[in-house]
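Student: In my numbering, the protein residues as written are 271 to 718.
Even glycine gets a Cβ: it sits at the ideal position worked out from N, Cα and C.
None of these values were measured; they are calculated from a predicted model.
1. If I follow the unbroken alpha helix (DSSP H) through residue 659, where does it start and stop?
2. Quick check on this structure: which residue in 619, 484 and 458 has the alpha carbon closest to the alpha carbon of residue 694?
3. Alpha carbon to alpha carbon, what distance is there between residue 281 and residue 661?
4. Could you spell out the range, first to last residue, of the alpha helix (DSSP H) harbouring residue 562?
5. Would you please state the rounded distance, in angstroms, between the beta carbons of residue 461 and residue 617? I believe it to be under 8 Å.
6. Just how far apart, CA to CA, sit residue 714 and residue 394?
7. Would residue 319 be called buried (16 or more neighbouring beta carbons within 10 Å of its own) or exposed?
8. Just to confirm the assignment, what range does the alpha helix (DSSP H) spanning residue 477 have?
9. Compute the Euclidean distance between the alpha carbons of residue 277 and residue 682, then round it to the nearest angstrom.
10. How would you label residue 330, buried or exposed, when you count the other beta carbons within 10 angstroms and need 16 or more for buried?
11. Given a threshold of 16 other Cβ atoms within 10 Å of its Cβ, counted over all protein chains shown, does residue 476 qualify as buried or as exposed?
12. I need the DSSP call for residue 379, collapsed to helix, strand or coil.
13. Pop quiz: residue 547 and residue 519 are said to be a contact at Cβ under 8 Å. What is the actual Cβ separation, rounded to whole angstroms?
14. Just the C-alpha distance for residue 457 and residue 436, rounded to the nearest angstrom, thanks.
15. How many angstroms separate the CA atom of residue 679 from the CA atom of residue 293?
16. Just reading off the alpha helix (DSSP H) that residue 535 is part of, what are its end residues?
17. Measure the CB-CB distance between residue 307 and residue 592 and report whether it falls below 8 Å.
18. Pick helix, strand or coil for residue 532, following the three-state DSSP scheme.
Next comes the structure, spelled out in structure tokens:
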């Protein structure tokens, strides 16, 4: 470690700390706070202001160039599932089939399925009120606060895991692109690691964290338009279509050489933007039938989607700007040299950096984007398969959600918990997902 290395580390710490202070204490939007942090890093690290500005523009532009479309289309699909009550129909059917004893497991796997194409926040808005209603309808004596939490916490676990570990969610998708990972393998490995992680952090952990937590009436209610609820089959088709298209494109490589040329079109159909666009166009008639030409419904869909899209896209872009300044200042090279000394496993280092940025910024997506950017050189130098680095970064990005995470307040509002209860249930659950996910990545990466 040279004096310049220490200066760079100090710059990174101060820049990220300033972002936290501006977001939490100053009540600034993460977009502004992260940009201020990015320029501060460049200033303290000794980068010329012109070079810092170019790094900010490059980082934000690179991220928004592809991710903005994924965010907008994903939110559009989520809005359709929410407004049509398609996701609600899926959840109610699963809970009805499972019965009382299997309800936590139905809640978990319904969340995993519904969460595949949706942002965490969208899945939360769709699912938690439905699960809470199902919990309230449990037989007398089995519908207390503890029983309700044992249904709702597994749903949160399932949503969190797919958000952090399974493409086409923006976080893992960006990490796949940044690290040169195989999209199909990352999706497969993400499910292999994610499902047992969600089981441990959901139904199993809820047995210990739910007792003793009191619930108040939830503060938020889902939005719905006056249309007939689509059938379970139609809603399920809308949910799974983008995932199937993405997986199909990756499967072309497994076909015999004589057959593969006939399916080359799946290569471009499986692009996340194309897959989500097709899913949105197909979902309109599936979920709304002949009402798709109703101006009120169209306005409701895109208003519901675009209102949160602006804030999400700006925050992601600012996270990309911070990442690029850190890379330009030399943090990526520093991490490569640190890991090359054999002091720490590259997978563990990637997880640890992601944890630090998650705790600092409160955003899982920003943590994933920033960490993946500074780990590019390490992946190339270490020889570690990039798919496992993507999953390690994703797991670390969930560590201990607290007051600087908008998701913390959203969960608190939908669960109806007080501050201590939110820490006991949600924050601990996110930490368990991060730690168990890391352990499973370490084990799986040594087997596959």
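Tutor: Once the coordinates are examined:
1. Taken as a continuous stretch (DSSP letters only), the alpha helix (DSSP H) holding residue 659 covers 656-666.
2. Residue 484 is the option with its Cα nearest to residue 694.
3. Roughly 27 Å between the two C-alpha positions.
4. That residue, residue 562, is in no alpha helix (DSSP H); it is neither H nor E in DSSP.
5. Rounded, the Cβ-Cβ distance is 19 Å, inconsistent with contact.
6. Going from the Cα of residue 714 to the Cα of residue 394 covers about 29 Å.
7. Around the beta carbon of residue 319, fewer than 16 other beta carbons sit within 10 angstroms, so the residue counts as exposed.
8. For residue 477, the enclosing alpha helix (DSSP H) stretches over residues 475-479.
9. The alpha-carbon of residue 277 is positioned some 39 Å away from that of residue 682.
10. That one is buried.
11. Classification for residue 476: buried.
12. It is helical.
13. With a contact defined as Cβ atoms closer than 8 Å, residue 547 and residue 519 miss out at about 14 Å.
14. One C-alpha to the other measures close to 5 Å.
15. Near 14 Å, if we compare the C-alpha coordinates of residue 293 and residue 679.
16. That run of the alpha helix (DSSP H) goes 535-539.
17. Cβ distance < 8 Å, so residue 307 and residue 592 count as in contact.
18. For residue 532, the secondary structure class from DSSP, reduced to helix, strand or coil, is helix.
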